[in-house]
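Here is the structure we will look at.
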Amino acid sequence: MSAKRIAVNKLEGPITDVPVEMPQRHAYVKCPGCRRIIDQELLEQALDVCPRCGHHLRLSARKRLEATVDKDSFEAWFLDIPTPDPLAFPGYQEKLAAAKDGSSEREGVICGSARIGGEACALFIMDGEFMMGSMGSAVGEKICRTFEAACERGLPVVGITVSGGARMQEGTLSLMQMAKVSAARRKLAEARLPYISLLTDPTTGGVTASFAMEGDVILAEPGALIAFAGPRVVEQTTHKRLPHGFQRSEFLLEHGFIDRVVPRAEIPRTIAELLALHGGRTPAADAPHRLECSHKPHTLLSKIVKRGGKAGKAPSGAYDIVRAARSADHPTALELIELGFDGFVELHGDRHYGDDPAIVGGIAWKDGRAVTVIATERGRSTKERVARNFGSAHPEGYRKAQRLMRQAERFCRPVLCLIDTAGAYCGIGAEERGQGEAIASNLVTMAGLRTPLVSFITGEGGSGGALALAGGDRVYILDHAVYSVVSPEGCASILWKSTDRAADAADALGLTADRLIELGIVEGSIDDDCSPEELASRIVRLSMASFDELASLDSEELLAARYARFRAF
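The sequence shown begins at -19 in the working numbering and counts up by one.
Structure below.
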């Protein structure tokens, strides 16, 4: 016994099991964008957006629902619609069974009613985890019923798309869903209810060629693939390598097919803001495009004001006023919008070719009233002026304006146009794309627009390029702005073969505010010898007063008065 005791290690205690601290286990995900490893927990906190490169990973329909709508506000619709197999397509039943096992959904879309930022809406969200969100008969039926239910209940519709296109296993019946849903979407438009679509990665094929691109406002997540024919099909057809970014959200924004690219974290507030504005209400206090009350003029304008601005010698002759109108010493359209309104959501694109930065447009609000604002924008700095073509618009700019006017008419919003342009752009591309037709179409649209339209000449109003936004019920001009059929230099060159007589031409053309009022071309002028903030306030106050006056007329009286205004010239 004694020998055994001696052999015992004296350092050992009665308890030999010591707890060991194991490090917490983490799951990691490789980002498809930057190829770096990310902690899955951090990724989920960032709504599945890579914190390193900003790549937006795909979400299931349920995750998308949780990230978008107000908590506990979703009520599911149409859960009992079965998925048909009309062609008894080989292997289709097995694919459906596998899709149901791999997804929490019974089909490729979930539908229902919800609130987003407190705004009630009907909602459908496609599920990329169910047969890649392909559109079969059941998907088309559920979305069609969502539009119909929205019409019955007076609700706007929000649609979130992710899809590989038509479901081939259902043959031409799948193709017919494009036409069916589009017809239901038209009924929503006829009911004057808004439809906002959000395109996520990927949205392709028949979904892109139907309801995905039919929104009154079309949003997209950054970097989302949006296409009719996918990149692989295009490359195989053309035998050409596609450029970087082809068919991505930013590509479509540049080419005029979507309104905005919105990061995932901002989507709920942006949709809520748009729903409120289309319902004629002021957005919430945290609306992403609310303008701060303490907003200061652009730094370029601040420097101009500090060094004197218009405090020097006032223009005396007509040609002096022309030169003053062309100078950078007055606020641009965007500055007037930023200084005069409580908020402004810019919308982009003509839906045909491009987004012309020479014409900006969108929805602004002031004191609880929503207004569609369309303006020619010259730019603030030299670099921006070049990018905006010095305010000389291409056909796609005028077509964007026409699109926004028609949208305003549908939702009974008045339209305010701010005009400062030397004229429509004269160039090969502009002529190829139909500059004359674009301006003519705007004139016809304005003549029949069933909502009040007020225009302000805030700088230079040059020829048809200015008239394309000045065909409304009231036209006003700043004291030191001009409005003419041709530039003084152009007139002198044509009539007297020399631009040296531009001043004589300016006097003869009757292009100043006082002469235009005498001729009845404009209703009145605004004294612009004031601060930019005060000038913006004067423009907004006069436009709101004009809208109040015009609101007393029904649509037929409004059109008759507008026709009489121009018929009298």
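Using N, Cα and C, we set each Cβ at its ideal position, and we do this for glycine too.
According to the Cβ coordinates, are Thr126 and Leu179 closer than 7 angstroms?
As a first step, residue 126 is located in the sequence shown; it is residue number 146 there, counting from the start. As a first step, residue 179 is located in the sequence shown; it is residue number 199 there, counting from the start. Not a contact, by the Cβ cut-off of 7 angstroms.
Using the Cβ count rule (16 or more neighbours within 10 Å means buried), how would you classify Ala540?
Counted from its first residue, the sequence shown places residue 540 at position 560. Burial call: exposed.
Quick one: grab the DSSP three-state call for Lys286.
To locate residue 286, count along the sequence shown from 1; it is residue 306. A caution first: Lys286 carries a pLDDT of 43, below 50, which makes its placement in the model unreliable, though a value can still be read off. If DSSP states are grouped into helix, strand and coil, Lys286 belongs with the helices.
DSSP three-state label for Pro174, please.
Working through the sequence shown from its first residue, we reach residue 174 at position 194. Of the three classes helix, strand and coil, the one that applies to Pro174 here is coil, per DSSP.
On the CB-based measure, 16 or more other CB atoms within 10 Å of its CB, does Thr352 come out buried or exposed?
Looking up residue 352 in the sequence shown gives position 372. Looking at its Cβ environment, which holds 16 or more other Cβ atoms inside 10 Å, Thr352 is buried.
Alpha-carbon to alpha-carbon, Gly134 and Glu99
As a first step, residue 99 is located in the sequence shown; it is residue number 119 there, counting from the start. As a first step, residue 134 is located in the sequence shown; it is residue number 154 there, counting from the start. Cα to Cα, the separation comes out at about 13 angstroms.
Which same chain residues end up closer than 7 angstroms to Tyr456 when comparing Cβ atoms and leaving out the 5 residues on each side of it in sequence?
Within the sequence shown, the letter at position 476 stands for residue 456. Excluding residues within five positions, the ones whose Cβ falls inside 7 angstroms are Phe436, Val502, Glu503, Gly504, Ser505, Ile506, Leu522.
Just checking, does the region 418 to 433 make contact with the region 475 to 484 on the three C-beta pairs under 8 angstroms criterion?
no
With distances taken from CA atoms, which of Asp60, Gly34, Leu153 is nearest Phe69?
As a first step, residue 69 is located in the sequence shown; it is residue number 89 there, counting from the start. When each option's Cα is compared against that of Phe69, the closest is Leu153.
Would Thr362 be called buried (16 or more neighbouring beta carbons within 10 Å of its own) or exposed?
Within the sequence shown, numbered from 1, the residue matching residue 362 stands at position 382. By the 10 Å Cβ count, Thr362 comes out exposed.
At a cut of 8 angstroms, does the region 6 to 14 reach the region 148 to 168 through at least three beta carbon pairs?
no
Would you mind stating whether Ala164 and Glu121 have Cβ atoms separated by less than 7 angstroms?
Residue numbering aside, residue 164 sits at position 184 when the sequence shown is read from its first letter. Residue numbering aside, residue 121 sits at position 141 when the sequence shown is read from its first letter. Their beta carbons are not under 7 angstroms apart, which means Ala164 does not touch Glu121 by this criterion.
Which parts of the region 449 to 512 are runs of the alpha helix (DSSP H), unbroken and 4 residues or longer, counting only runs that do not cross its ends?
468 to 476, 482 to 489, 493 to 499
Between Phe391 and the rest of its own chain, which residues show a CB-CB distance below 6 angstroms, the 5 nearest in sequence each way excluded?
For this step, residue 391 is matched to residue 411 along the sequence shown. Excluding residues within five positions, the ones whose Cβ falls inside 6 angstroms are His258.
Please state the DSSP three-state secondary structure of Pro140.
Sequence index remark: in the sequence shown, residue 140 carries index 160 (1-based). At residue 140 the sequence reads Ile, which differs from the Pro that was named. Strand, per DSSP.
Leaving aside the five residues before and after Ala483 along the sequence, list all residues of the same chain whose C-beta is less than 8 angstroms from its C-beta, in chain order.
Within the sequence shown, the letter at position 503 stands for residue 483. Taken in chain order, the residues that qualify are Gly297, Ala298, Tyr299, Pro468.
Under the assumption that Leu168 contacts Ala130 (Cβ atoms under 8 angstroms), give the Cβ distance between them as a whole number of angstroms.
To locate residue 168, count along the sequence shown from 1; it is residue 188. To locate residue 130, count along the sequence shown from 1; it is residue 150. Yes, Leu168 and Ala130 are in contact; Cβ-Cβ is about 6 angstroms, under 8 angstroms.
By the DSSP assignment, the alpha helix (DSSP H) with Ile247 in it spans what residues?
Translated into positions along the sequence shown, residue 247 becomes position 267. First-last of the alpha helix (DSSP H) with Ile247: 247 to 258.
Rounded C-beta distance between Ala41 and Gln20? I'm assuming under 8 angstroms.
Position 61 of the sequence shown, counted from the start, is the residue given in the question as residue 41. Position 40 of the sequence shown, counted from the start, is the residue given in the question as residue 20. Not quite, the Cβ-Cβ distance comes to about 20 angstroms (not below 8 angstroms), so this is no contact.
Measuring CB atoms only, is the region 315 to 328 touching the region 407 to 417, in the sense that at least three cross pairs come out at less than 8 angstroms?
no
Can you list, in chain order, the residues of its chain with a C-beta nearer than 8 angstroms to that of Gly402? Leave out the 5 residues immediately preceding and following it.
Residue 402 sits at position 422 when you count from the first residue of the sequence shown. Reading off the sequence, residue 402 comes out as Ala, not Gly. Closer than 8 angstroms at Cβ, skipping near neighbours: Arg306, Phe370, Gly371, Ser372, Glu440, Gly442, Gly445, Ser467.
3-residue-minimum beta strand (DSSP E) runs that sit fully inside the region 97 to 130, ordered along the chain
99 to 106
By Cβ distance below 8 angstroms, which residues in the same chain neighbour Pro248 in space, the five residues on each side in sequence not counted?
As a first step, residue 248 is located in the sequence shown; it is residue number 268 there, counting from the start. Around Pro248: Ala47, Thr48, Val49, Ile96, Gly97.
Under three-state DSSP, which class holds Glu272?
As a first step, residue 272 is located in the sequence shown; it is residue number 292 there, counting from the start. Coil, per DSSP.
Could you pull the start and end residues of the alpha helix (DSSP H) that Ile61 belongs to?
Along the sequence shown, one-based indexing puts residue 61 at 81. Here Ile61 belongs to no alpha helix (DSSP H), and DSSP marks it neither H nor E.
In three-state terms, what does DSSP make of Leu538?
By one-based count along the sequence shown, residue 538 stands at place 558. Residue state, collapsed to three classes: helix.
Who pairs with Ile437 in a beta bridge, going by DSSP?
In the sequence shown, counting from the first residue as 1, residue 437 sits at position 457. Ile399, Ile457.
DSSP three-state call for Val242: helix, strand or coil?
Working through the sequence shown from its first residue, we reach residue 242 at position 262. Of the three classes helix, strand and coil, the one that applies to Val242 here is coil, per DSSP.
Apart from the five residues just before and just after Cys91, which ones in its own chain have a Cβ nearer than 6 angstroms to its Cβ?
Counting from 1 along the sequence shown, the entry for residue 91 is found at position 111. Closer than 6 angstroms at Cβ, skipping near neighbours: Trp57, Phe58, Phe104, Lys122, Thr126.
Can you tell me which of Ala485, Ala26, Gly348, Ala209 puts its alpha carbon nearest to the alpha carbon of Gly260?
Working through the sequence shown from its first residue, we reach residue 260 at position 280. The candidate whose alpha carbon is nearest that of Gly260 is Gly348.
Mark Lys380 as exposed unless 16 or more other C-beta atoms lie within 10 angstroms of its C-beta, in which case mark it buried.
To locate residue 380, count along the sequence shown from 1; it is residue 400. The residue is buried, with at least 16 neighbouring Cβ atoms inside 10 Å.
Buried/exposed call for Phe110, threshold 16 Cβ in 10 Å:
Within the sequence shown, residue 110 is the residue found at index 130, counting from 1. Flag for Phe110 reads buried.
DSSP on Pro202, reduced to helix/strand/coil?
Start at 1 with the first residue of the sequence shown, and residue 202 comes out as number 222. Coil at Pro202, not helix or strand.
Segment contact, 8 angstroms Cβ cut-off, at least three pairs: the region 26 to 37 with the region 201 to 208:
yes
Where does Lys160 fall in DSSP's three states?
Locating residue 160 in the sequence shown gives position 180, where the first residue counts as 1. In this structure, Lys160 counts as helix in the three-state DSSP scheme.
With a threshold of 16 other CB atoms inside 10 Å of the CB of Ser117, please say whether the residue is buried or exposed.
Within the sequence shown, the letter at position 137 stands for residue 117. Flag for Ser117 reads buried.
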